[in-house]
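To start, the structure under review is shown below, and the notes come after it.
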Amino acid sequence: MHEVKAVVAKSVKEPVSLETILVPDPGPGEALVKVQACGVCHTDLHYREGGINDEFPFLLGHEAAGVVEAVGDDVTTVAPGDFVVLNWRAVCGDCRACDRGEPQYCFNTHNATQKMTLADGTPLSPALGIGAFAEKTLVAAGQCTKVDPQARPAAVGLLGCGVMAGIGAAINTGNVSRGDVVAVIGCGGVGVAAIAGAALAGAGAIIAVDIDPKKLEAAKAQGATHTVNSSETDAVEAIKAIAAASAGHAGADGADVVIDAVGRPETWEQAFYARDLAGTVVLVGVPTPDMKVPQIPLIDVFGRGGSLKSSWYGDCLPSRDFPMLVDLYRQGRLDLDAFVTEEIGIEDVEAAFEKMHHGDVLRSVVVL
1 MHEVKAVVAK SVKEPVSLET ILVPDPGPGE ALVKVQACGV CHTDLHYREG
51 GINDEFPFLL GHEAAGVVEA VGDDVTTVAP GDFVVLNWRA VCGDCRACDR
101 GEPQYCFNTH NATQKMTLAD GTPLSPALGI GAFAEKTLVA AGQCTKVDPQ
151 ARPAAVGLLG CGVMAGIGAA INTGNVSRGD VVAVIGCGGV GVAAIAGAAL
201 AGAGAIIAVD IDPKKLEAAK AQGATHTVNS SETDAVEAIK AIAAASAGHA
251 GADGADVVID AVGRPETWEQ AFYARDLAGT VVLVGVPTPD MKVPQIPLID
301 VFGRGGSLKS SWYGDCLPSR DFPMLVDLYR QGRLDLDAFV TEEIGIEDVE
351 AAFEKMHHGD VLRSVVVL
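Read in order, the letters of the sequence shown correspond to residues 1 to 368 in full-length UniProt numbering.
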């Protein structure tokens, strides 16, 4: 048993606290990881606010990188000393999706069996089955993806959630191709990552849409060729005009792929009407349970054709995607460092939530 410091949300909408927690030695199928860095993600705030479920207390943190310290006797995929990025898609290998060769859609992902607890024995619910605002955490071995140990933990740990969600929304879900016109609505961490993904895929024009000039500048740094401040102009009409000019064809009626990285009915409707005929809408922003699909005439859905998709974790397969993206980072082709706005201590998570709320950061990263 290991006594470590960790960030815990004990009750809904209350400030988090730094607690001593107990982490068991790994059993079958488990790995103990010494956490080196963990990003502060909106999902952690959703947990604290009660927006995920009510299984308090939560052990927060999930965008993490670290070193495997110990593994269960039956674990062969990772070993002590391996540098890993943690993920929340430990595939089962035996569900319908896995059996048909699509493990990125695994229906039965799993986490560690044993529970981490508060010092008094109260079981903790780890965020996304990880719980990495902690000096050490216990996860399923399949949640550990071995990557280049020369990579910077604070940067590559962000692949564990937001950055992978954005890049994957463009590359995996949206199937962005060379020369495509791509629009991304919402330029927080996930949206800017979607822009980076579109750039990696060779998109011809990449349109960033937001109401914050600072976020639009961050989008340009990751490859946006055009920006639209939707507080000043109609986003749909602006995207259509840019798409027509970029395609060199007056008949173009929108972008080939529009990614909604906000996840609100209003932005999804903008994405729907901003895509070209037979274009693709990708929803990667996370809506709240009370939000409804806008009242779009069904004839418009039929008449415009194309695809309306949701992207869950960027439709990623960590064992395939994480090492590839870390290699691109090491080659200087993917600027993950740009997503790290600040490095903070484990005691600064609550302050980081405030900065996130005000849109002051792409990511604050806890460095241990």
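Don't be surprised by glycine CBs; every beta carbon is placed ideally from N, CA and C.
(request) Could you tell me which residues DSSP pairs with residue 127 in its beta bridges? (result) Here residue 127 corresponds to residue number 127 of the sequence shown, with the count starting at 1. In the DSSP assignment, no residue is bridged to residue 127.
(request) Classify residue 136 as buried or exposed, calling it buried when 16 or more other Cβ atoms lie within 10 Å of its own Cβ. (result) Within the sequence shown, the letter at position 136 stands for residue 136. The residue is buried, with at least 16 neighbouring Cβ atoms inside 10 Å.
(request) May I ask which residues mark the beginning and end of the alpha helix (DSSP H) holding residue 39? (result) On the sequence shown, position 39 is the one that residue 39 refers to. Premise fails: residue 39 lies in the beta strand (DSSP E), 30 to 39, not in any alpha helix (DSSP H).
(request) Give me the Cβ distance between residue 254 and residue 279, rounded to the nearest whole Å; I'm assuming they're in contact under 8 Å. (result) Here residue 254 is taken as the residue at index 254 of the sequence shown, counted from 1. Here residue 279 is taken as the residue at index 279 of the sequence shown, counted from 1. That pair is a contact at about 6 Å.
(message) For a test of the three-state rule: what should DSSP assign to residue 314, helix, strand or coil?
(response) As a working mapping, residue 314 is identified with position 314 in the sequence shown. Reduced to three states, the DSSP call for residue 314 is helix.
(request) May I have the straight-line CA-CA distance separating residue 240 from residue 337, to the nearest angstrom? (result) If you number the sequence shown from 1, residue 240 lands on position 240. If you number the sequence shown from 1, residue 337 lands on position 337. Those two C-alpha atoms are separated by around 32 Å.
(request) Please work out which residues of its chain come closer than 7 Å, Cβ to Cβ, to residue 20, disregarding the five sequence neighbours upstream and downstream, and give them in chain order. (result) Taking the sequence shown and counting its residues from 1, one reaches residue 20 at position 20. Within the same chain, residue 20 has close Cβ partners 3, 5 and 119.
(request) Going by DSSP, name the residue or residues bridged to residue 144. (result) The residue given as residue 144 occupies position 144 in the sequence shown. Bridge partners of residue 144: 86.
(request) Using 10 angstroms around the beta-carbon of residue 63, count the other beta-carbons present and answer buried if the total reaches 16, otherwise exposed. (result) Position 63 of the sequence shown holds residue 63. With 16 or more other Cβ atoms within 10 Å, it is buried.
(request) Could you pull the start and end residues of the alpha helix (DSSP H) that residue 240 belongs to? (result) Translated into the one-based positions of the sequence shown, residue 240 becomes position 240. Residue 240: member of the alpha helix (DSSP H) spanning 235 to 247, first to last residue.
(message) Measuring straight from C-alpha to C-alpha, what distance separates residue 353 and residue 277?
(response) Working through the sequence shown from its first residue, we reach residue 353 at position 353. Working through the sequence shown from its first residue, we reach residue 277 at position 277. Using only the alpha carbons, I get a separation of about 40 Å.
(message) Please identify the residue among 185, 160, 183 and 194 whose C-alpha is closest to the C-alpha of residue 172.
(response) Here residue 172 refers to the residue found at position 172 when the sequence shown is read from its first residue. If you compare the alpha carbons of 185, 160, 183 and 194 with that of residue 172, the shortest gap goes to 194.
(message) So, for residue 365: in the same chain, excluding its five sequence neighbours on each side, which residues have a beta-carbon less than 6 Å away from its beta-carbon?
(response) Counting from one through the sequence shown, the residue named residue 365 turns up at place 365. So the list reads 37, 39, 154, 340 and 343, once near-sequence residues are dropped.
(request) Please confirm if the region 69 to 81 is in contact with the region 92 to 108, defined as three or more CB-CB distances below 8 Å between the two stretches. (result) The region 69 to 81, when compared against the region 92 to 108, does not touch it at the 8 Å Cβ threshold.
(message) In this structure, how does DSSP classify residue 113 when only helix, strand and coil are distinguished?
(response) Within the sequence shown, the letter at position 113 stands for residue 113. DSSP places residue 113 outside both helix and strand once states are collapsed to three, so it counts as coil.
(message) Spatial neighbours of residue 292 within its chain, please: C-beta separation below 8 Å, excluding the five flanking residues on both sides.
(response) In the sequence shown, the residue the question calls residue 292 occupies position 292. Here the set comprises 265.
(request) To the nearest angstrom, report how far apart residue 65 and residue 59 are at their CA atoms. (result) The sequence position of residue 65 within the sequence shown is 65, counting from 1. The sequence position of residue 59 within the sequence shown is 59, counting from 1. So the alpha carbons of these two residues sit roughly 16 Å apart.
(request) Report yes or no: is there a C-beta of chain B within less than 9 Å of the C-beta of residue 358? (result) No chain B appears in the structure shown, which is made up of a single protein chain.
(request) Give a yes or no on contact between the region 203 to 212 and the region 171 to 188, applying the rule of three or more CB pairs nearer than 8 Å. (result) Contact holds between the region 203 to 212 and the region 171 to 188, because three or more Cβ pairs, one in each stretch, are under 8 Å apart.
(request) Specify the secondary structure class of residue 14 as computed by DSSP and reduced to three states. (result) Your numbering for residue 14 matches position 14 in the sequence shown. It is coil, neither helix nor strand.
(message) Between the alpha carbons of residue 262 and residue 115, how many angstroms are there, rounded?
(response) Along the sequence shown, one-based indexing puts residue 262 at 262. Along the sequence shown, one-based indexing puts residue 115 at 115. Taking the straight line joining both Cα atoms gives about 33 Å.
(request) For the region 119 to 131 and the region 300 to 317, state whether three or more C-beta atom pairs, one from each stretch, are separated by less than 8 Å. (result) Contact fails between the region 119 to 131 and the region 300 to 317, because fewer than three Cβ pairs, one in each stretch, are under 8 Å apart.
(request) Note down the Cα distance separating residue 334 from residue 188, rounded to an integer number of angstroms. (result) As a working mapping, residue 334 is identified with position 334 in the sequence shown. As a working mapping, residue 188 is identified with position 188 in the sequence shown. About 17 Å.
(request) Measure the CB-CB distance between residue 26 and residue 71 and report whether it falls below 9 Å. (result) As a position in the sequence shown, residue 26 is number 26, starting the count at 1. As a position in the sequence shown, residue 71 is number 71, starting the count at 1. Result yes, Cβ atoms of residue 26 and residue 71 sit closer than 9 Å.
(message) Measuring straight from C-alpha to C-alpha, what distance separates residue 244 and residue 275?
(response) In the sequence shown, counting from the first residue as 1, residue 244 sits at position 244. In the sequence shown, counting from the first residue as 1, residue 275 sits at position 275. Those two C-alpha atoms are separated by around 11 Å.
(message) For residue 98 and residue 92, I'd like the C-alpha separation in whole angstroms.
(response) Here residue 98 is taken as the residue at index 98 of the sequence shown, counted from 1. Here residue 92 is taken as the residue at index 92 of the sequence shown, counted from 1. Rounded to whole angstroms, residue 98 to residue 92 spans 7 Å at the Cα level.
(message) If you reduce the DSSP assignment to three classes, tell me which class residue 94 lands in.
(response) Within the sequence shown, numbered from 1, the residue matching residue 94 stands at position 94. DSSP places residue 94 in coil when its eight states are reduced to three.
(request) Return the chain-ordered ranges of every beta strand (DSSP E) run that is complete within the region 251 to 337 and spans a minimum of 3 residues. (result) 255 to 260, 275 to 283 and 307 to 310, all fully within the region 251 to 337.
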